[in-house]
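Q: For the protein sequence lines, the chains are A and B, in the order given. Per the numbering used here: the first sequence ends with 116, consecutive numbering throughout. Per the numbering used here: the second sequence ends with 465, consecutive numbering throughout. Ideal placement from N, C-alpha and C gives every residue a C-beta, glycine not left out. Fair warning: this is a prediction, and the values are worked out from it, not measured in the lab.
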Amino acid sequence: MTNGKQSGPELFENLKLELRRGCLVVAVLAQLRKEQYGYTLRKALGDDGLEIDESTLYPLLRRLESQGLLISEWREEDKRNKRFYRLSPVGEGILTQLLEEWQRINASLEKILQEA
Amino acid sequence: MTNTPSRNPMELIDRYLQAVRFWLPKSQHDLALELAEDLHSQVEAKEAELGRPLDEGEVSAILKECGRPVVVAGRLRPQDYLIGPTIFPAYRFILKMTLLWMMLPIFVFIVGPVQFATTGSLGAAIGSTIGAMWTGGFIAAGIITLVFVMIERTQNKLRTADKWDPRSLPPLEKPERKASGGKTACELIFNLMALAWLLLVPYKPFLVLGPAANFLNAAPMWHTFYAPVLLLTVASILRLIVILVRPDWVRFPVWSKLLQTVLSLVVVNYMIKAAGQTAGAVWHPFVLAAQGGEQAVKIAAVVNVSILVSLVCTWVGLCIAAVVQTWQSVRSFTQTESFTPGSASLHVF
Chain A
1 MTNGKQSGPE LFENLKLELR RGCLVVAVLA QLRKEQYGYT LRKALGDDGL EIDESTLYPL
61 LRRLESQGLL ISEWREEDKR NKRFYRLSPV GEGILTQLLE EWQRINASLE KILQEA
Chain B
117 MTNTPSRNPM ELIDRYLQAV RFWLPKSQHD LALELAEDLH SQVEAKEAEL GRPLDEGEVS
177 AILKECGRPV VVAGRLRPQD YLIGPTIFPA YRFILKMTLL WMMLPIFVFI VGPVQFATTG
237 SLGAAIGSTI GAMWTGGFIA AGIITLVFVM IERTQNKLRT ADKWDPRSLP PLEKPERKAS
297 GGKTACELIF NLMALAWLLL VPYKPFLVLG PAANFLNAAP MWHTFYAPVL LLTVASILRL
357 IVILVRPDWV RFPVWSKLLQ TVLSLVVVNY MIKAAGQTAG AVWHPFVLAA QGGEQAVKIA
417 AVVNVSILVS LVCTWVGLCI AAVVQTWQSV RSFTQTESFT PGSASLHVF
């Protein structure tokens, strides 16, 4: 539904999606400080409580790579071709800044919630 | 969906990937390879957990969780659209203006009555008008969409979004000067009705003379003045359409109204003059008695005087309107100037 009032659960889902979108980028960048391929990355994120489906992760990885934040290469492992991703030097710098920003936002939110 | 039996459960994955690839552009096929790798890894992980190969139902469950091929492909491919969010509001506005405020009134108030006058059958006129309206609507919508698609495709290359100057924005306007969209739309509808009426009058004189059309005819003078009156009505319609389409042309309504009033005044003036110069034993400048009966001649005389009085009243009204509108036009100009100092370079029209 794009117009009119959304139901409570629908509204929550949409807002949750918005909230998650930015966090997922940070989480993916943080996970790729260590080289991984798609499936292991997805599993690692899921194990840490950030479930992400295939059709969301792979376009995101491609976008981050095109922005120069990730480096990828196709390699054979266990007789299968896999695309391995890792953080680029530019990505490392951006991740540091994003984490600082996230800390700031988190601190602000905590302050706001304490005041309320 | 057909349940084609597969001997090898893993063949399901290949069929699934084939379906996903079908919806992906070639440049995105490497995403399908990554998806393939992911699905195989999921199957392997599940097999390791269960300690046995998966059957077709279990592989099917993994694919089902991944989603329909067309949906997955839609999420994998980059966002693409014919008309993007930047120009979509303009596209919607133009489409609505054209279909609702231009085509619909034209078909309802002009094409429909003309069809009725031509065919003489209400049912046939409604049918052919609706048919023409659908065809015209689809063609207009198609052309507008095509133009906006081209704008969308070219605007990124031309970088038109960066090529604008805040100083070229229209000057501030006072609330009372802003043309009301609803009022203008109503005026447009009335003008369209007037145009339809004018077009029909030569074929259906009862529309102006009523039952007297049986024994009264239009005088030759109308052959001279019919076209100017028709053109004035068309000009008025075009003026109102421009006001609706370009509400940012803040000076246009006042100035164009003044021009329209002056032109109407000229036409009415000539009509009154022409009526005064009508030759003949009996003064019948506007309508003539079709039959020679005394009663018909008397009625013709009354109608002629009534039309002349109406024209004189209209002339006086137009003179007053011209004075008022001239003052409004000058005021709008001076107010705009005082609103935006140094606005001599602004393109208002």
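Take B:Thr-118 and list the residues in its own chain whose beta-carbon comes closer than 6 Å to its own, dropping the five residues that flank it on each side.
A: The residue you call residue 118 of chain B lines up with position 2 of the second sequence. Summary for B:Thr-118: the model assigns pLDDT 47, below 50, so the residue's position carries little reliability, and this model does not support an answer.
Q: Would you verify that the beta carbon of A:Thr-2 is, or is not, closer than 8 Å to some beta carbon of chain B?
A: Translated into positions along the first sequence, residue 2 of chain A becomes position 2. Reliability of the predicted coordinates at A:Thr-2 is poor, the pLDDT of 46 falling under 50, and no value is obtained from them.
Q: My output table needs one value for B:Trp-365: the three-state DSSP class, helix, strand or coil.
A: Position 249 of the second sequence, counting from 1, holds the residue named residue 365 of chain B. In the structure shown, B:Trp-365 sits in coil (DSSP, three-state: anything other than H, G, I, E or B).
Q: List, in order along the chain, the chain B residues whose C-beta lies closer than 8 Å to that of A:Arg-80?
A: Here residue 80 of chain A is taken as the residue at index 80 of the first sequence, counted from 1. Near A:Arg-80 (Cβ distances below 8 Å), the residues of chain B are Glu-153, His-156.
Q: Expressed to the nearest angstrom, what Euclidean distance is found between the alpha-carbon atoms of B:Ser-237 and A:Glu-18?
A: Looking up residue 237 of chain B in the second sequence gives position 121. Looking up residue 18 of chain A in the first sequence gives position 18. Approximately 59 Å between the Cα atoms of the pair.
Q: Could you check if B:Phe-223 is buried or exposed, using at least 16 other CB atoms within 10 Å of its CB as the buried criterion?
A: If you number the second sequence from 1, residue 223 of chain B lands on position 107. By the 10 Å Cβ count, B:Phe-223 comes out buried.
Q: Which value, in whole angstroms, describes the spacing of the CA atoms of A:Ala-30 and B:His-145?
A: If you number the first sequence from 1, residue 30 of chain A lands on position 30. If you number the second sequence from 1, residue 145 of chain B lands on position 29. C-alpha separation (whole angstroms): 27 Å.
Q: Quick one: does B:Gly-200 have its CB under 8 Å from some CB of chain A?
A: The residue labelled residue 200 of chain B in the question sits at position 84 within the second sequence. Not closer than 8 Å to any Cβ of chain A, the Cβ of B:Gly-200 fails to qualify, so no.
Q: Have a look at A:Leu-45, A:Thr-40, A:Gly-46 and flag the residue whose alpha-carbon is nearest the alpha-carbon of B:Glu-160.
A: In the second sequence, residue 160 of chain B corresponds to position 44, counting from 1. Selected option, being the one with the closest Cα: A:Thr-40.
Q: Residue range of the beta strand (DSSP E) that A:Gln-71 falls in?
A: Counted from its first residue, the first sequence places residue 71 of chain A at position 71. One point to set straight first is that residue 71 of chain A is Ile, not Gln, in the sequence displayed. Start and end: 70 to 77.
Q: Pick out whichever of B:Gly-258, B:Ile-260, B:Leu-262, B:Val-227 has its Cα sitting closest to the Cα of B:Ile-246.
A: Reading the second sequence from its first residue, position 130 is the one you call residue 246 of chain B. Cα-wise, what sits closest to B:Ile-246 is B:Val-227.
Q: Could you confirm whether any beta carbon from chain B is found closer than 8 Å to the beta carbon of A:Arg-20?
A: Position 20 of the first sequence holds residue 20 of chain A. For A:Arg-20, the answer is no, since every Cβ of chain B falls outside 8 Å of its Cβ.
Q: Which chain A residues are close to B:Glu-150, counting only those with a beta carbon under 7 Å from its beta carbon?
A: Residue mapping note: residue 150 of chain B aligns to position 34 of the second sequence, counting from 1. Residues of chain A passing the Cβ test: Gly-38, Tyr-58, Arg-83.
Q: Have a look at B:Ala-310 and B:Thr-349 and give me their C-alpha separation to the nearest angstrom.
A: Taking the second sequence and counting its residues from 1, one reaches residue 310 of chain B at position 194. Taking the second sequence and counting its residues from 1, one reaches residue 349 of chain B at position 233. If you take the alpha carbons of B:Ala-310 and B:Thr-349, they lie about 8 Å apart.
Q: With a Cβ-Cβ cutoff of 8 Å, do B:Cys-182 and B:Leu-147 count as a contact?
A: Within the second sequence, the letter at position 66 stands for residue 182 of chain B. Within the second sequence, the letter at position 31 stands for residue 147 of chain B. Against a cut-off of 8 Å, the Cβ pair of B:Leu-147 and B:Cys-182 comes out as no contact.
Q: Nearest-angstrom Cα distance between B:Leu-140 and A:Ile-94?
A: Locating residue 140 of chain B in the second sequence gives position 24, counting from the first residue. Locating residue 94 of chain A in the first sequence gives position 94, counting from the first residue. Whole-angstrom Cα-Cα distance: 31 Å.
Q: When the Cα atoms are used, what is the spatial distance from B:Tyr-342 to B:Phe-204?
A: Here the question's residue 342 of chain B lines up with position 226 in the second sequence. Here the question's residue 204 of chain B lines up with position 88 in the second sequence. Approximately 43 Å between the Cα atoms of the pair.
Q: Residues of chain A with CB closer than 9 Å to the CB of B:Val-188, please, in chain order.
A: Here the question's residue 188 of chain B lines up with position 72 in the second sequence. Neighbours of B:Val-188 on chain A, chain order: Asp-53, Glu-54, Ser-55.
Q: By Cβ distance below 8 Å, which residues in the same chain neighbour A:Tyr-37 in space, the five residues on each side in sequence not counted?
A: Counted from its first residue, the first sequence places residue 37 of chain A at position 37. Closer than 8 Å at the Cβ level, and outside the excluded window around A:Tyr-37, lie Glu-77, Lys-82, Arg-83, Phe-84, Tyr-85.
Q: Using a C-beta cutoff of 8 Å, does B:Leu-140 count as contacting chain A?
A: The residue given as residue 140 of chain B occupies position 24 in the second sequence. No, its Cβ sits nowhere closer than 8 Å to a Cβ of chain A.
Q: Does the beta carbon of B:Leu-192 come closer than 8 Å to any beta carbon on chain A?
A: Stepping through the second sequence from its first residue, residue 192 of chain B is reached at position 76. At least one chain A Cβ lies under 8 Å of B:Leu-192.
Q: Is B:Ala-310 helix, strand or coil by DSSP?
A: Sequence index remark: in the second sequence, residue 310 of chain B carries index 194 (1-based). In this structure, B:Ala-310 counts as helix in the three-state DSSP scheme.
Q: Would you verify that the beta carbon of B:Ser-459 is, or is not, closer than 8 Å to some beta carbon of chain A?
A: Here residue 459 of chain B refers to the residue found at position 343 when the second sequence is read from its first residue. With a pLDDT of only 36 at B:Ser-459, under 50, the local geometry of the prediction cannot be trusted, and no value is derived from it.
Q: So A:Leu-50 packs on A:Ala-27, CB below 8 Å; how close in whole Å?
A: For this step, residue 50 of chain A is matched to residue 50 along the first sequence. For this step, residue 27 of chain A is matched to residue 27 along the first sequence. Right, their Cβ atoms sit about 5 Å apart.
Q: Give a yes or no on contact between the stretch 209 to 224 of chain B and the stretch 170 to 177 of chain B, applying the rule of three or more CB pairs nearer than 8 Å.
A: Contact between the stretch 209 to 224 of chain B and the stretch 170 to 177 of chain B is absent, because fewer than three Cβ pairs lie under 8 Å.
Q: Between B:Pro-185, B:Ala-206, B:Pro-282, which lies nearest to B:Arg-362 when the distance is taken from Cα to Cα?
A: Sequence index remark: in the second sequence, residue 362 of chain B carries index 246 (1-based). Of the listed residues, the one whose Cα sits closest to B:Arg-362 is B:Ala-206.
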